[in-house]
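**Student:** Below is a structure I'd like to ask you about.
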């Protein structure tokens with residue numbers, strides 16, 4: 038079979054599945070995590086990364102708190118980085134222990150991975166962390182299970198493609214478009230380039246803070 042036809046078929050199937058899921062998500066509106074009311078809510082995936090201190094330094098310059106989605110496999114044994122994020126007043130979420138690509142994995146394996154990470158976060162002092170699964174995975178069966186467990190789920194309104202080697206000016210343009218469309222929940226990742234874009238975003242949201250620093 039023609040590879041182009043296979044890829045096209047898979048893409049159409051994915052789009053159809055996404056459309057169906059978007060309709061079904063309305064049935065679970067009460068499940069979605071309620072972030073504080075703000076023009077922009079900053080969420081950062083794949084944490085803690087080696088740049089956690091840089092993220093915290095940038096955030097500390099502004100009157101804003103972020104939601105850090107943590108993978109247990111990234112954590113130090115005593116959870117020092119997680120505790121550092123908490124002590125700075127930010128929130129911790131469950132991003133799975135392993136960060137597997139969940140789409141071909143069984144439901145039971147997915148839940149076991151999420152529960153393993155939740156138990157670790159509890160040990161670090163995190164209570165009732167909201168879930169965001171890797172790669173945006175959220176099927177109806179997952180939402181049903183989370184609803185039964187009374188575990189809130191947090192998606193995003195705009196994902197920054199900072200996990201790809203894109204030029205910084207393209208990432209900045211993406212942030213500007215996101216703001217022009219009305220903001221919402223921003224999904225970033227724990228990369229070096231993300232720290233730079235975060236500072237750019239916060240300078241736009243809080244220009245008076247930047248002026249004070251420059252003054």
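Numbering (our numbering), first residue to last: 38 to 252. Don't be surprised by glycine CBs; every beta carbon is placed ideally from N, CA and C.
1) Considering only their Cβ atoms, is the gap separating residue 178 from residue 150 smaller than 7 Å?
2) Using three-state DSSP, classify residue 78 as helix, strand or coil.
3) Put residue 101 into one of helix, strand or coil per three-state DSSP.
4) Give the DSSP-derived three-state secondary structure of residue 92 in the structure shown.
5) Alpha carbon to alpha carbon, how far is residue 186 from residue 39?
6) Take residue 166 and list the residues in its own chain whose beta-carbon comes closer than 6 Å to its own, dropping the five residues that flank it on each side.
7) Alpha carbons only, please: which of 219, 234, 88 and 217 is nearest the one belonging to residue 121?
8) Can you give me the C-alpha to C-alpha distance between residue 240 and residue 173, rounded to a whole angstrom?
9) Taking the C-alpha atoms as reference points, what is the distance between residue 148 and residue 193?
10) Over the uninterrupted alpha helix (DSSP H) stretch that includes residue 159, give me the two end residues.
11) Using DSSP's beta-bridge definition, name the partner residues of residue 223.
12) Taking buried to mean at least 16 other C-beta atoms within 10 Å of its own C-beta, is residue 226 buried or exposed?
13) Between which two residues does the beta strand (DSSP E) containing residue 128 stretch?
14) Mind checking residue 97: buried by the 16 CB within 10 Å criterion, or exposed?
15) By alpha-carbon positions, which one of 195, 191 and 126 ends up nearest to residue 106?
16) Judging by CA-CA distance, which residue of 46, 68, 43 and 42 is the nearest neighbour of residue 189?
17) My output table needs one value for residue 106: the three-state DSSP class, helix, strand or coil.
**Tutor:** In short:
1) Mapped onto the chain shown, residue 150 falls at position 113. Mapped onto the chain shown, residue 178 falls at position 141. Result no, Cβ atoms of residue 150 and residue 178 do not sit closer than 7 Å.
2) Your numbering for residue 78 matches position 41 in the chain shown. Here residue 78 sits in strand by DSSP.
3) Position 64 of the chain shown, counted from the first residue, corresponds to residue 101. Reduced to three states, the DSSP call for residue 101 is coil.
4) Within the chain shown, numbered from 1, the residue matching residue 92 stands at position 55. In the structure shown, residue 92 sits in a helix (DSSP, three-state: H, G or I).
5) As a position in the chain shown, residue 186 is number 149, starting the count at 1. As a position in the chain shown, residue 39 is number 2, starting the count at 1. Roughly 44 Å between the two C-alpha positions.
6) Stepping through the chain shown from its first residue, residue 166 is reached at position 129. These residues qualify, in order along the chain: 129, 130, 131 and 158.
7) One-based indexing of the chain shown puts residue 121 at position 84. Out of 219, 234, 88 and 217, 88 has the C-alpha closest to the C-alpha of residue 121.
8) Taking the first residue of the chain shown as 1, we reach residue 240 at position 203. Taking the first residue of the chain shown as 1, we reach residue 173 at position 136. So the alpha carbons of these two residues sit roughly 28 Å apart.
9) Taking the first residue of the chain shown as 1, we reach residue 148 at position 111. Taking the first residue of the chain shown as 1, we reach residue 193 at position 156. Taking the straight line from one Cα to the other gives about 21 Å.
10) Stepping through the chain shown from its first residue, residue 159 is reached at position 122. Segment 144-160, the alpha helix (DSSP H) holding residue 159.
11) To locate residue 223, count along the chain shown from 1; it is residue 186. Partner(s): 79 and 195.
12) Indexing the chain shown from 1 puts residue 226 at position 189. Residue 226 should be labelled buried.
13) Mapped onto the chain shown, residue 128 falls at position 91. That run of the beta strand (DSSP E) goes 128-131.
14) Taking the chain shown and counting its residues from 1, one reaches residue 97 at position 60. Exposed.
15) Locating residue 106 in the chain shown gives position 69, where the first residue counts as 1. The shortest C-alpha separation from residue 106 is found at 191.
16) Locating residue 189 in the chain shown gives position 152, where the first residue counts as 1. For the residues 46, 68, 43 and 42, the minimum Cα distance to residue 189 belongs to 68.
17) Looking up residue 106 in the chain shown gives position 69. Note: residue 106 maps to strand in three-state DSSP.
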